[in-house]
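Asks: This is the structure, below, for whatever I ask next.
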Amino acid sequence: MSFFIGFQPVQRSLRSRVFLLPMMLVGLLVLHSLLDGGQTANAQDGATAAAPLKQILDQVWDFELTEYPQLATDVGDPRGQDRLAKQSLADYQRRDQMRADFLERLLQIDPLTLPVSDRIDWDLVVRKLKSEREDYRLKLHLMPINNREGFHIGLPELPRVMNPDTVQDMRNYISRLNELPRFVDEQIALMDAGIEAGLVQPAIIMRDSAEQAGAHVVADPKQSLFYKNLESIDKLDKANWQQIEPDLLSAIKHSAIPSYAKFQTYLADTYVPACRQNIAARTLPGGKAFYQSQIRKFTTLDLSPEELHQTGIRENARIRREMEQIRETVGFEGDLPAFIQHLRTDPTFYPKTAEQLMREVSYICKQVDGRLPTLFGKLPSTPYGIRKIPDYVAPQTTSAYYWPPSTDGTRAGFYYINTYNLSSRPLYQLEALSFHEAVPGHHLQLAIQAELKGLHPLRRQSYFSAFIEGWALYSERLGKEMGFYTDPYQDFGRLSMEAWRASRLVVDTGIHALGWTRQQAIDYMAENTALSRHNIVAEVDRYIGWPGQALAYKTGEIFIRKQRQRAEEALGERFNVRKFHDVVLQNGSIPLPLLQAQIDQYIDSQ
C-alpha cells in the first residue's frame, strides 16, 4: 500500500506531495528535449539561465519549510520546530497567491535554455505548483481528513518524528502540543466551510472517525501516545527530565487531550451527521472534473476512467490464469474460488501471534538484503526498521505501510506491519508485501532518492504516486529474479497482491465514475482477490475516501515493465538489469512520461 507521512495534516501529506500537473502533460517530443543535453543552448547560456531558476527554487523551498514546519521536521530542517502549520482559510488563500507568483516567474524561464538537470527541476516544480493551485481551486483543503489520513491520526507519531533528545527539543515539542487548540480550531473551521460548500466525505467511511479521535482522550497524561511515543527521553539526564516533565504533562493534559476531546465531539455531533450518503467523487460539486484531475495527478497520464477500468479487467484475467496453474501445481481438488476460500479459512496460513508475524517479516527482509546486489549497482546506505502499526489506527487501515527516512540521515525508514486481527494477515503474502514496502520497493527507492547528491531539495522531496507505487509493485515481481517465491503458496500470494492492485483499477473507477455501489466493489474484490473480508472492506473504504490514488500502482507498474521490455528488445545481449534499475532510480521520483524519455536516452547511450 502507499507509504505514509503520518504526522502531517492530510493536505500536506502524500495527497498533496504528489508533485504533478493536473492538466494535459507535456508531449513526449518536449520531454525528450528536456532530457536532451546541450543541443539547444551552450554551457554559458545554460548557466546564465540557471541562476534565476535556482533563486526561485530556493525561495519555493524556503516557503515550504516556513509554511509547513512539520515538513521541516520531516526533512531535518531546524526551523519552526516549536510550531504547527497555520491552517486558516486566509492562510490557504495567501499560500495560493504566493504559489501563483512563483509560477509566473518560473514560466518566464525557457526550460530549453537550461542544463539538463535544471530542466527536470523546472518541470517538476512547475507541475508541483500547478497541482497545488488546482487542489486549492477544487477546494480540497475543505476536506482535510478521511478515514485513513489527517492530523487526528498522524500527530500522535510526532514524538517519534521529532525524536526530542535535548532540553530545547523537548521545549519545542511542548510548544507544539500547546499549539493544538489553535490548530484543531482551524481544522474545524475548514470542515465547517466544507459542509457549507457540500464538500464532505462519505458518511460510510467516517463512521469510526470520532472513535479514532477519542482514542487519544485519556484520563492519565502518561497513558497518552504524546507521552508514550517519546523514545528518546533516556538521553536526557535525570535533573533535566525532572525539570521538564511537569511542563510536558501539563501540555498533554491541558492542550492535547482537550483538543482531541473537542474534535471527537465535533466529529460525532456535527461533521459525521453532515457527511454525504453517496460515495462517488462525481457526485461532489464539479465532481467529474475533480475525478479526472485526480486520475491525472496520481497516474501522471491523461487516461479516461473507462480505459483504466478495462485495463484492470484484462490484467485480472491474465492473473487468474496464472493462479489456476498454481492451484493445479499444489494439487488442490476444487476450482479456484474454492482454493481461495481454503486459503482464507485454513488457520495454518495465518500467524498465531503478533510476534510470529513480526519474526517472519524480519526473516524475509534480512534474506532479501543479501540478494539486492544481483539487481542493483547502487544501494542506499540509510537503514530501515520494522514496527507494528499503532493500535489506534490498525483496525481502519490495511496490511502495511512505509514511513520514509529523513533526508538528513538522522532517522531511518520504517516498514509498519498490521498485527490487528491476525486471521486476516496471511503468511503466504509476506514475501510480496515485504518486497513492496521495504526492499527492493519503497525503502530502496526512497532512500536512494534521499541520498542523491547535487539535487535541489525540492527534487529530493518530490513524490509521484505512479512512480513510487509503480516501482514498489514492480519490485514484488523482482522477488522471482532474486530466487524467492519457491513455495507455490508464496507465489500465489504474489499473484493475489497483483490481483489486488489490478482490481483497484476496476473498483476505483467503478465507484467514482461508473456508478458502482460499495457492495458491488466489495463483491468484485472478493471474487477477484484472495484478500480477507476484513481487508477487502478496509480497502474499498480507502478507495471511497481517496479517489484516484489506488490507480497509481498498476498503472505505474505496467509502465515500468514496458520500459524494461523496450530496453531489453532494443539492447539484446547488451541489456544489463543492474544498469537499467540504476537509470530508473537515478533522478528520484518523476512523472512517467519523463521516465520514458529517460529510458530512451539510456537506450541511445548504449
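Each position in the sequence shown, counted from 1, maps to that position plus 956 in my numbering.
Glycine is no exception: its CB is placed at the ideal position from the N, C-alpha and C atoms.
Tell me whether PHE1440 sits in a helix, a strand or coil according to DSSP, three-state version.
Replies: PHE1440 falls in the coil class under three-state DSSP.
Asks: So, are the CB atoms of SER1165 and LEU1240 less than 7 Å apart?
Replies: Contact flag unset, no.
Asks: Evaluate LYS1334 with the Cβ neighbour count: other Cβ atoms within 10 Å of its Cβ, from every protein chain shown; 16 or more gives buried, anything less gives exposed.
Replies: It is exposed - the Cβ of LYS1334 has fewer than 16 other Cβ atoms within 10 Å.
Asks: Identify, in the order they occur along the chain, each residue of the same chain with its Cβ nearer than 7 Å to the Cβ of GLY1426, setting aside the five sequence neighbours on each side.
Replies: Taken in chain order, the residues that qualify are ALA1508, TYR1509, THR1511, GLY1512, GLU1513, PHE1515, ILE1516.
Asks: Excluding the 5 residues flanking ARG1056 on each side, which residues of the same chain have their C-beta closer than 7 Å to its C-beta?
Replies: The question names Arg, yet the displayed sequence has Ala at residue 1056. ARG1089.
Asks: Leaving out five residues on either side along the sequence, give the residues of the same chain with a beta carbon under 7 Å from the beta carbon of ALA1403.
Replies: Once the five neighbours on either side are set aside, the close Cβ partners of ALA1403 are PRO1336, THR1338, PRO1361, GLY1369.
Asks: Hey, GLN1352 and ARG1104 are a contact pair by Cβ (cut 8 Å); roughly how many whole angstroms apart?
Replies: At roughly 7 Å, the Cβ-Cβ gap stays under 8 Å, so GLN1352 and ARG1104 are in contact.
Asks: Are ASP1077 and HIS1298 close, meaning C-beta to C-beta below 7 Å?
Replies: No.
Asks: Please report the distance separating the alpha-carbon of ASP1560 from that of TYR1499.
Replies: Taking the straight line from one Cα to the other gives about 40 Å.
Asks: Counting along the chain, where does the alpha helix (DSSP H) carrying TYR1371 start and finish?
Replies: Element bounds for TYR1371: not the alpha helix (DSSP H) but the beta strand (DSSP E), 1369–1373.
Asks: Taking the runs of the alpha helix (DSSP H) that are 4 residues or longer, which of them lie wholly in the segment 1277–1345?
Replies: Entirely contained in the segment 1277–1345, the alpha helix (DSSP H) runs reaching 4 residues are, in chain order, 1292–1301, 1310–1325.
Asks: Would you report the Cα separation of PHE1536 and GLY1326, rounded to the nearest angstrom?
Replies: C-alpha separation (whole angstroms): 20 Å.
Asks: Bridge partners of TRP1359, per DSSP?
Replies: Bridge partners of TRP1359: PHE1370.
Asks: Can ILE1342 and TYR1376 be called in contact, C-beta distance under 7 Å?
Replies: No, the pair does not count as a contact, with Cβ atoms beyond the cut-off.
Asks: Does the beta-carbon of ARG1554 have 16 or more other beta-carbons within 10 angstroms, so that it is buried, or is it exposed?
Replies: First, the residue type needs correcting, since residue 1554 is Gln and not Arg in the sequence shown. GLN1554 should be labelled buried.
Asks: Measuring CB to CB, does ILE1478 end up less than 7 Å from VAL1462?
Replies: No, the Cβ-Cβ distance between ILE1478 and VAL1462 is not below 7 Å.
Asks: Please report the straight-line C-alpha distance between ASP1038 and ILE1208, rounded to a whole angstrom.
Replies: Whole-angstrom Cα-Cα distance: 15 Å.
Asks: When the Cα atoms are used, what is the spatial distance from GLY1397 to ALA1428?
Replies: The alpha-carbon atoms of GLY1397 and ALA1428 are separated by roughly 4 Å.
Asks: Report the three-state DSSP secondary structure of PRO1067 (helix, strand or coil).
Replies: In the structure shown, PRO1067 sits in a helix (DSSP, three-state: H, G or I).
Asks: Give me, in chain order, the residues of the same chain whose beta-carbon lies closer than 6 Å to that of GLN1250; leave out the 5 immediate sequence neighbours on both sides.
Replies: So the qualifying residues of the chain are PRO1503, GLY1504.
Asks: How about PRO1261 and THR1473: do their beta carbons lie closer than 7 Å?
Replies: Cβ distance not < 7 Å, so PRO1261 and THR1473 don't count as in contact.
Asks: Taking only the alpha-carbon atoms, compute the straight-line gap between GLN1542 and VAL1081 and give it to the nearest angstrom.
Replies: Near 18 Å, if we compare the C-alpha coordinates of VAL1081 and GLN1542.
Asks: With C-beta atoms as the reference, is ILE1065 less than 7 Å away from LEU1009?
Replies: Yes. Within cutoff.
Asks: How is PRO1158 classed by DSSP in three states: helix, strand or coil?
Replies: It is a strand residue.
Asks: Is the segment 1225–1233 touching the segment 1433–1453, taking contact as three or more C-beta pairs under 8 Å?
Replies: With the cut-off at 8 Å, the segment 1225–1233 and the segment 1433–1453 do not touch.
Asks: Ordered along the chain, which non-local residues of its own chain (more than five positions away) have a Cβ less than 6 Å from that of GLU1454?
Replies: Excluding positions up to five away in sequence, the list reads ILE1275.
Asks: Helix, strand or coil for ARG1163? Go by DSSP, reduced to three states.
Replies: Of the three classes helix, strand and coil, the one that applies to ARG1163 here is coil, per DSSP.
Asks: I think VAL1123 touches PHE1058, with their Cβ atoms under 8 Å apart; what is that distance to the nearest whole Å?
Replies: About 38 Å; that fails the 8 Å criterion.
Asks: Could I get the ranges of all uninterrupted beta strand (DSSP E) runs contained in the segment 1432–1481, with 3 residues as the minimum, in chain order?
Replies: As far as the segment 1432–1481 is concerned, it has no whole beta strand (DSSP E) run of at least 3 residues.
Asks: With DSSP as the reference, identify every bridge partner of ARG1232, one or two as the case may be.
Replies: In DSSP, ARG1232 forms a bridge with PRO1158.
Asks: According to DSSP, simplified to helix, strand and coil, what is GLY1268?
Replies: Reduced to three states, the DSSP call for GLY1268 is helix.
Asks: In this structure, how does DSSP classify THR1029 when only helix, strand and coil are distinguished?
Replies: Correct three-state label for THR1029: helix.
Asks: Any contact between the segment 1379–1396 and the segment 1302–1313? By contact I mean 3 or more CB pairs, one from each, below 8 Å.
Replies: The segment 1379–1396 vs the segment 1302–1313: in contact.
Asks: For THR1221 and SER1206, what's the separation of their Cα atoms in angstroms?
Replies: Using only the alpha carbons, I get a separation of about 22 Å.
Asks: Does the count of Cβ pairs from the segment 1179–1197 and the segment 1100–1115 closer than 8 Å reach three?
Replies: Because the criterion of three Cβ pairs below 8 Å is met, the segment 1179–1197 and the segment 1100–1115 touch.
Asks: Answer with buried or exposed for GLN1281, where buried requires no fewer than 16 other C-beta atoms within 10 angstroms of its C-beta.
Replies: The residue in question, GLN1281, is exposed, as its Cβ has fewer than 16 Cβ neighbours within 10 Å.
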